[in-house]
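A.B. asks: Dumping the structure here so I can ask a few things about it.
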C-alpha cells in the first residue's frame with residue numbers, strides 16, 4: 266500500500282503544480298498517475314476478494330469443526346446410555362466416551378481458533394474494502410479534475426498564443442504605414458486635379474472654334490419649330506415667294 270499512496274501523492278503534487286510546472290506536462294503526468302492508480306485499484310480489488318474468500322473459508326471450517334465436536338459429544342452420551350441400558354460394559358463405555366470427549370475438545374478448540382482467525386480476516390477485509398472505496402473515490406475525483414485541467418490547459422495555451430501574437434505586433438509601425446499611405450493618396454488626388462486644370466487651360470484655338478460650331482444655332486432651331494407648326498396646321502402655309510424672300514432676308518441678315 267506504500268507504493269499506492271506514493272502514487273496518490275504524485276497525482277496530488279501534479280495538480281498542485283499544474284500551472285507553474287515547466288519541466289513536465291501536468292496533464293500527461295496526471296493521466297499517467299490515474300492509470301497507475303487504476304492498476305493499483307484492480308490489484309486491491311483482487312486482494313480484497315482473496316481476503317474475503319479466506320475469511321469465508323475459515324468461518325466455514327470453524328463451524329464444521331464445532332459441528333464435529335458436538336457430534337463427538339453426542340456419541341459419548343450414546344455410549345454411556347448403551348452402558349446404562351446394559352448393552353455395553355460400563356468400563357468400556359466410559360473409556361470410549363472419554364476418547365470421544367477428547368476428540369470433541371480437539372475439534373472444539375480447532376473450531377474456535379478457526380472462527381477467531383475468520384474474525385481477524387473479516388476485520389482485515391473490512392479495512393481493505395474501506396481503502397478500496399476511498400481509492401475509487403479518489404480516482405473519480407482526479408478524473409473529474411483532469412477534465413477541468415485539460416480545459417484550463419487548452420485555454421491557457423490559446424491565451425498564450427494570442428498574447429504572443431499581440432506582443433509581436435508593431436502598433437506604431439502599422440500606424441505610420443497607414444499615415445504614409447493616406448498622405449500618398451492625398452498627393453495623388455491633388456496631382457490628378459492639377460493635371461485636369463492644366464489640360465483645360467491648354468485648349469487650342471481650333472478646339473475652341475470647333476466647340477462653338479458644334480453647338481446648334483438658335484435660328485436653325487427656330488426655323489425648325491416654325492416648320493413643325495405649319496405641318497401641324499397651327500400656322501398658315503407660306504407661299505414660295507414669301508419663303509424665298511424670307512430665305513433671302515435670312516441670308517442677308519446672316520451676312
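Residue numbers (this note's numbering): 266 to 520.
Note that CB positions come from ideal geometry on N, CA and C, so glycine has one too.
I need the DSSP call for residue 499, collapsed to helix, strand or coil.
C.D. replies: Residue mapping note: residue 499 aligns to position 234 of the chain shown, counting from 1. Here residue 499 sits in coil by DSSP.
A.B. asks: Got a sec, what are the start and stop residues for the alpha helix (DSSP H) residue 395 sits in?
C.D. replies: Your numbering for residue 395 matches position 130 in the chain shown. First-last of the alpha helix (DSSP H) with residue 395: 355-432.
A.B. asks: Whole angstroms are fine: how far does the CA of residue 430 sit from the CA of residue 456?
C.D. replies: The count along the chain shown starts at 1 and reaches residue 456 at position 191. The count along the chain shown starts at 1 and reaches residue 430 at position 165. One Cα belongs to residue 456, the other to residue 430, and the distance between them is close to 40 Å.
A.B. asks: With distances taken from CA atoms, which of 329, 502 and 409 is nearest residue 374?
C.D. replies: By one-based count along the chain shown, residue 374 stands at place 109. Checked all of 329, 502 and 409; the closest Cα to residue 374 is 329.
A.B. asks: Taking the alpha-carbon positions, what's the residue 324 to residue 316 distance?
C.D. replies: The count along the chain shown starts at 1 and reaches residue 324 at position 59. The count along the chain shown starts at 1 and reaches residue 316 at position 51. Pairing residue 324 with residue 316, the inter-Cα distance amounts to about 12 Å.
A.B. asks: Return the residue from the list 488, 399 and 411 that minimises the CA-CA distance to residue 305.
C.D. replies: Here the question's residue 305 lines up with position 40 in the chain shown. Ranked by how close their Cα comes to the Cα of residue 305, the residues 488, 399 and 411 have 399 in first place.
A.B. asks: Please go through the same chain and pick out, in chain order, the residues whose beta-carbon is closer than 8 Å to the beta-carbon of residue 357, but skip the five residues on each side of it.
C.D. replies: Numbered from 1 along the chain shown, position 92 holds the residue referred to as residue 357. 348.
A.B. asks: Identify which residue in 390, 321 and 419 has its Cα closest to the Cα of residue 379.
C.D. replies: Within the chain shown, numbered from 1, the residue matching residue 379 stands at position 114. Of 390, 321 and 419, the residue nearest in Cα terms is 321.
A.B. asks: What's the call for residue 334, buried or exposed, on a 16-neighbour Cβ count within 10 Å?
C.D. replies: Locating residue 334 in the chain shown gives position 69, where the first residue counts as 1. Per the 10 Å Cβ criterion, buried.
A.B. asks: Are the CB atoms of residue 303 and residue 337 nearer to each other than 8 Å?
C.D. replies: Position 38 of the chain shown, counted from the first residue, corresponds to residue 303. Position 72 of the chain shown, counted from the first residue, corresponds to residue 337. In this structure, residue 337 does not lie closer than 8 Å to residue 303 by Cβ.
A.B. asks: Between the Cα of residue 327 and those of 381, 345, 339 and 350, spot the shortest distance and give me the residue it belongs to.
C.D. replies: As a first step, residue 327 must be located in the chain shown, where it is residue number 62. Ranking the options by Cα distance to residue 327, first place goes to 381.
A.B. asks: Mind checking residue 362: buried by the 16 CB within 10 Å criterion, or exposed?
C.D. replies: Position 97 of the chain shown, counted from the first residue, corresponds to residue 362. Per the 10 Å Cβ criterion, buried.
A.B. asks: Assign residue 307 to buried or exposed, taking buried as 16 or more other Cβ atoms, counted over all protein chains shown, within 10 Å of its Cβ.
C.D. replies: For this step, residue 307 is matched to residue 42 along the chain shown. The residue is exposed, with fewer than 16 neighbouring Cβ atoms inside 10 Å.
A.B. asks: Can you tell me whether residue 327 is helix, strand or coil according to DSSP?
C.D. replies: What you label residue 327 is simply residue 62 of the chain shown in a count that begins at 1. When DSSP states are grouped into helix, strand and coil, residue 327 belongs to the helix group.
A.B. asks: For residue 394, which residues in the same chain have their Cβ closer than 6 Å to its Cβ, ignoring the five residues on either side in sequence?
C.D. replies: Counting from 1 along the chain shown, the entry for residue 394 is found at position 129. Closer than 6 Å at Cβ, skipping near neighbours: 313.
A.B. asks: Cα separation between residue 445 and residue 418?
C.D. replies: As a working note, residue 445 is residue 180 in the chain shown. As a working note, residue 418 is residue 153 in the chain shown. Each residue's alpha carbon lies about 42 Å from the other.
A.B. asks: Would you grab the beta carbon distance between residue 318 and residue 344 for me? Rounded to a whole angstrom, and I think it's under 8 Å.
C.D. replies: Residue mapping note: residue 318 aligns to position 53 of the chain shown, counting from 1. Residue mapping note: residue 344 aligns to position 79 of the chain shown, counting from 1. Contact doesn't hold; Cβ gap of about 39 Å is too wide.
A.B. asks: Helix, strand or coil for residue 348? Go by DSSP, reduced to three states.
C.D. replies: On the chain shown, residue 348 is found 83 positions in, with the first residue counted as 1. Looking at residue 348 - three-state DSSP - the assignment turns out to be helix.
A.B. asks: Rounded to whole angstroms, what is the Cα-Cα separation between residue 493 and residue 460?
C.D. replies: For the purposes of this step, residue 493 is taken as residue 228 along the chain shown, with counting starting at 1. For the purposes of this step, residue 460 is taken as residue 195 along the chain shown, with counting starting at 1. Taking the straight line from one Cα to the other gives about 46 Å.
A.B. asks: Measuring CB to CB, does residue 443 end up less than 8 Å from residue 295?
C.D. replies: By 1-based counting over the chain shown, the position of residue 443 is 178. By 1-based counting over the chain shown, the position of residue 295 is 30. In this structure, residue 295 does not lie closer than 8 Å to residue 443 by Cβ.
A.B. asks: Less than 8 Å between the CB atoms is what I'm expecting for residue 404 and residue 299, so what's the real figure, rounded?
C.D. replies: Stepping through the chain shown from its first residue, residue 404 is reached at position 139. Stepping through the chain shown from its first residue, residue 299 is reached at position 34. About 6 Å; that satisfies the 8 Å criterion.
A.B. asks: Quick one: what does DSSP say residue 314 is sitting in, helix, strand or coil?
C.D. replies: By 1-based counting over the chain shown, the position of residue 314 is 49. Three-state result, residue 314: helix.
A.B. asks: If you measure between the beta carbons of residue 478 and residue 491, is that distance less than 8 Å?
C.D. replies: Within the chain shown, the letter at position 213 stands for residue 478. Within the chain shown, the letter at position 226 stands for residue 491. Not a contact, by the Cβ cut-off of 8 Å.
A.B. asks: Helix, strand or coil for residue 304? Go by DSSP, reduced to three states.
C.D. replies: By one-based count along the chain shown, residue 304 stands at place 39. Helix, per DSSP.
A.B. asks: Take the Cβ of residue 416 as the centre, count every other Cβ of all protein chains shown within 10 Å, and call the residue buried at 16 or more, exposed below.
C.D. replies: For the purposes of this step, residue 416 is identified with residue 151 of the chain shown, where counting begins at 1. With fewer than 16 other Cβ atoms within 10 Å, it is exposed.
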